[in-house]
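Asks: The sequence shown maps to residues -11 to 266 in this note's numbering.
Yeah, the Cβ is synthetic: ideal placement off N, Cα and C, and Gly gets one too.
Have a look at the structure that comes next, please.
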Amino acid sequence: MKHLKRIIISLSAFLLILLPLAGSAQQPAGNAANKRKIKVEKPDLEAIRKATLDPDNPYYFPRLKAKYEINDTTMTSEEFRNFYLGYMFQEDYDPYRVSPYSGITDDLRAKPTHTREEIDTIIKYAQLTLEDNPLDLRQMSFLVHVLKERRKDMRAKIWEYRLEHLLGAIKSTGTGEDVENAWYVVYPMHEYDMVQLLGYEATDAQFIEPGTDYLTVRPDENDTRKRDKSAKGFYFNVEIPQKQYELKHPEALETEEEEVMTGTLPDDEENADDLPAQ
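Below, the structure written as structure tokens:
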């Protein structure tokens, strides 16, 4: 699916303004978090779909969302896993929907320091974005950063806790080492968040039929944490996001098919696969 791949590559440009996600995600929020071990297991997506859509199931999505929103610290790793993956089966899910608020403060976030007014502006629009999309890990990272800058440490810890456990939900789905053990992501942009978490930066993206993204990586020179950085790339399962995109945006597929049949592909179409991630 070249169309999907081009979108994924363009999304990687957001990394230019991505704040250090891994630094916040690595620190556990309280002693309880230390006791929670991440069990790596390939998810049964059909079972998760049924559970999160069933009002009588403990993993019913609105129930999990309510616990998440009140920052219920008894929320288990399995509940976070069902909350994260179950979002793909909710009616309002769109793997490429961008909140109208997400880009408003891009210029401000790129600054090394901020005035009090600028911080309040970033907080306002980050929160509006997260109300629109509760799984926007990037905005969550921005929010943690500016809340700490504003010395609102308790609120920062709350969002840091959520961020840590959502990333843990992704890590619980595999190892990322091959197609069979690919990490499952709800949004393709989460692929880049995971790569940065591990101390890498993406250099290229490849789509593998029927539903796997492969990111080629190199060690991030700005990441000074001691860790093994010998991986050449990571695999991500995007089969459900791909199917949901096709279901909710049939016009995009029709346009692409027409371009192929009529030979009206853009001049740069043949080189799209060679574009490096930013």
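1. Compute the distance between the beta-carbons of residue 201 and residue 179, then report whether it is under 9 Å.
2. Specify the secondary structure class of residue 74 as computed by DSSP and reduced to three states.
3. If I'm right that residue 149 touches residue 59 with Cβ under 8 Å, what's the distance once you round it to whole angstroms?
4. Tell me whether residue 286 is buried or exposed, calling it buried when 16 or more other Cβ atoms sit within 10 Å of its Cβ.
5. Could you tell me whether the segment 184 to 194 touches the segment 84 to 103, using the rule of 3 or more Cβ pairs below 8 Å?
6. Rounded to whole angstroms, what's the CA-CA distance from residue 170 to residue 140? Just pull it up for me.
7. Going by other Cβ atoms of all chains shown within 10 Å of its Cβ, with 16 needed for buried, is residue 50 buried or exposed?
8. Since residue 278 sits in a beta bridge, which residues does DSSP pair it with?
9. Touching or not, the segment 105 to 125 and the segment 62 to 69, by the rule of three or more beta carbon pairs under 8 Å?
10. Could you check where the alpha helix (DSSP H) with residue 164 kicks off and where it finishes?
11. How is residue 81 classed by DSSP in three states: helix, strand or coil?
12. Could you spell out where the alpha helix (DSSP H) holding residue 113 opens and where it closes?
13. Buried or exposed for residue 128, going by 16 or more other Cβ atoms inside 10 Å?
14. Per DSSP, what are the beta-bridge partners of residue 210 in this structure?
15. With three or more beta-carbon pairs closer than 8 Å as the criterion, would you say the segment 28 to 42 touches the segment 129 to 138?
16. Are residue 73 and residue 163 touching if we call contact CB-CB under 9 Å?
17. Residue 58 by DSSP, collapsed to three states: which one?
18. Going by DSSP, what residue range makes up the alpha helix (DSSP H) through residue 223?
19. Which whole-angstrom value describes the C-beta separation of residue 174 and residue 151, a residue pair presumed to lie in contact below a C-beta threshold of 8 Å?
20. Rank 114, 44, 215 and 86 by C-alpha distance to the C-alpha of residue 93 and give the top, closest one.
21. Rounded to whole angstroms, what's the CA-CA distance from residue 222 to residue 143? Just pull it up for me.
22. Got a sec, what are the start and stop residues for the alpha helix (DSSP H) residue 181 sits in?
23. For residue 230, count neighbouring Cβ atoms within 10 angstroms of its own Cβ and tell me buried if that reaches 16, exposed if not.
24. Between which residues of its own chain and residue 118 is the CB-CB distance below 8 Å, once the five residues before and five after are set aside?
25. By a C-beta neighbour count over all protein chains shown, 10 Å radius and 16 as the cutoff for buried, is residue 88 buried or exposed?
26. Residue 29: which of 77, 80 and 172 sits nearest, CA to CA?
27. For residue 67, does the three-state DSSP call read helix, strand or coil?
28. Please list, in chain order, all residues of the same chain as residue 90 whose beta carbon is under 6 Å from its beta carbon, the five residues on each side excluded.
Replies: Checking against the coordinates, here is how it stands:
1. yes
2. helix
3. 7 Å
4. Residue 286 lies beyond the range of the chain shown here (-11 to 266); nothing can be said about it.
5. no
6. 37 Å
7. exposed
8. The first residue shown for the chain is -11 and the last is 266, placing residue 278 beyond what the model contains.
9. no
10. Counting along the chain, residue 164 falls outside any alpha helix (DSSP H), and DSSP gives it neither H nor E.
11. coil
12. 104 to 120
13. buried
14. Answer is none; residue 210 lacks a bridge partner.
15. no
16. no
17. coil
18. Element bounds for residue 223: not the alpha helix (DSSP H) but the beta strand (DSSP E), 221 to 225.
19. With 8 Å as the limit, residue 174 and residue 151 do not qualify as a contact, their Cβ atoms being about 14 Å apart.
20. 114
21. 33 Å
22. 177 to 185
23. buried
24. 124, 127, 128 and 131
25. exposed
26. 172
27. helix
28. 117
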